[in-house]
Amino acid sequence: MTDIRNIVILTGAGVSAESGIDTFRDAGGLWEQHKVEDVATPEGFARDPDLVLRFYDMRREAIQAKQPNAAHEALARLDREWDGELLIVTQNVDDLHERAGAKRTLHMHGTHLNAWCTACDARTRWTGPLIDRPECPKCGARSLRPDVVWFGEMPYEMDRIYAALRQADLFVSIGTSGAVYPAAGFVRDARELRIRTLELNLEPSQGSRWFHESRHGPATQVVPQWVEELLG
Ligand code: BV8
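Per our numbering, the sequence shown starts with residue 741, numbered consecutively.
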């Protein structure tokens, strides 16, 4: 690993699972309780805004009672101590990477803790519910939605992600099923760019065959071990 300078890390729900935050596709996961097209699409929001707002209000409240786990802590340590480039691209909308101390993070699917005004486009930090249609702090309109990227919507900062991938020497995917694009395609982009690829996941993901190396186990074990090796 001595020739590694610039690292891009992709994280998914598996990195927060041991903090008690439901993943999407594991047994009893979020999508089993709700149909994706009903709660995570603009069409679903237009059809039944109350259902969608309650779904996100429940999750926004739940994550605030959770704590970062050893995987988040290890990635924050890597962020502090790694003197090369590092970007933690997370698909997660919780803030556990930041609460563990990570700074170089990018939320490509948005964040639970922002509200997005569809009238004036302002994004405001938001920790309470949206079901009561509160006023936008900037323009006063009662047009706030979760600042979360739904299916069919453009993920955030794609240019910045691809620019980081083009400079990377190592791409590490942690706790994601490889089910959702374009995130699930990053490993193939990395392979085309001749970047070393590593998967750290509880079990093989849908993209496992694209990784040079896969290590399987709970994130709180495999992530600190990998960070220790890298910094060791
Ligand atoms: C877009 C926010 C156009 C909301 C989410 C190509 C082919 C097919 C379809 C498409 C395609 N391109 C686009 C699409 C459509 C769609 C898509 O991919 N559909 C899928 C279902 C086929 N994609 C989109 O619509 C995206 N937008 O494409 O716009 C575009 C394209 C390119 C460039 C520009 C524009 C937008 C997708 C974003 C949707 N929003 N989240 C919310 O959170 O409510 S998706 C949501 O699910 C997550 O954010 C995450 O991205 C995704 C996958 O979830 P994971 O994080 O992987 O979690 P999951 O439960 O699936 O897996 C958990 C993993 O952890 C498992 O592997 C498990 O083994 C592991 N694990 C569990 N416990 C542990 C663990 N690992 C370690 N330790 C543990 N303890």
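Glycine residues also receive a C-beta, built at the ideal position from the N, C-alpha and C atoms.
Range of the contiguous alpha helix (DSSP H) that encloses residue i
| i | result |
| --- | --- |
| Arg800 | 789-804 |
| Arg900 | 898-907 |
| Glu968 | 959-971 |
| Phe926 | 926-932 |
| Val776 | 776-779 |
Cβ neighbour criterion (16 or more within 10 Å) applied to residue i
| i | result |
| --- | --- |
| Thr858 | exposed |
| Phe785 | buried |
| Met848 | buried |
| Met816 | Residue identity differs from the one stated: residue 816 is Ala in this sequence, not Met. Buried is the call here. |
Beta carbon of residue i nearer than 7 Å to that of residue j
| i | j | result |
| --- | --- | --- |
| Ala930 | Phe911 | yes |
| Gly918 | Ser945 | yes |
| Gly957 | Val927 | no |
| Thr960 | Gly752 | no |
Neighbourhood of residue i by C-beta, 8 Å cutoff - its chain only, sequence neighbours within 5 removed
| i | result |
| --- | --- |
| Gln807 | Ser759, Leu836, Arg839 |
Own chain, CB closer than 7 Å to residue i, minus 5 neighbours either side, in chain order
| i | result |
| --- | --- |
| Arg865 | Leu853, Asn854 |
| Thr845 | Ile828, Thr830, His837, Glu838 |
| Pro869 | Asp797 |
| Pro887 | According to the sequence as given, residue 887 is Asp; it is not Pro. If we look at Asp887 and ignore the five residues flanking it on each side, its Cβ neighbours are Gly850, Thr851, Asn854, Ala855, Trp856, Arg863. |
Own chain partners of residue i with C-beta closer than 6 Å, once the 5 adjacent residues on each side are dropped
| i | result |
| --- | --- |
| Ile975 | There is no way to answer for residue 975, as the model of the chain reaches only from 741 to 972. |
| Glu953 | Leu938 |
Contact with chain B by residue i, beta-carbon distance below 7 Å
| i | result |
| --- | --- |
| Trp966 | No chain B is part of this structure, which consists of one protein chain only. |
Residue i: first and last residue of the uninterrupted beta strand (DSSP E) it sits in
| i | result |
| --- | --- |
| Pro886 | 884-888 |
| Leu827 | 826-830 |
| Leu910 | 910-914 |
| Leu870 | Neither: Leu870 is in no beta strand (DSSP E) and is coded neither H nor E. |
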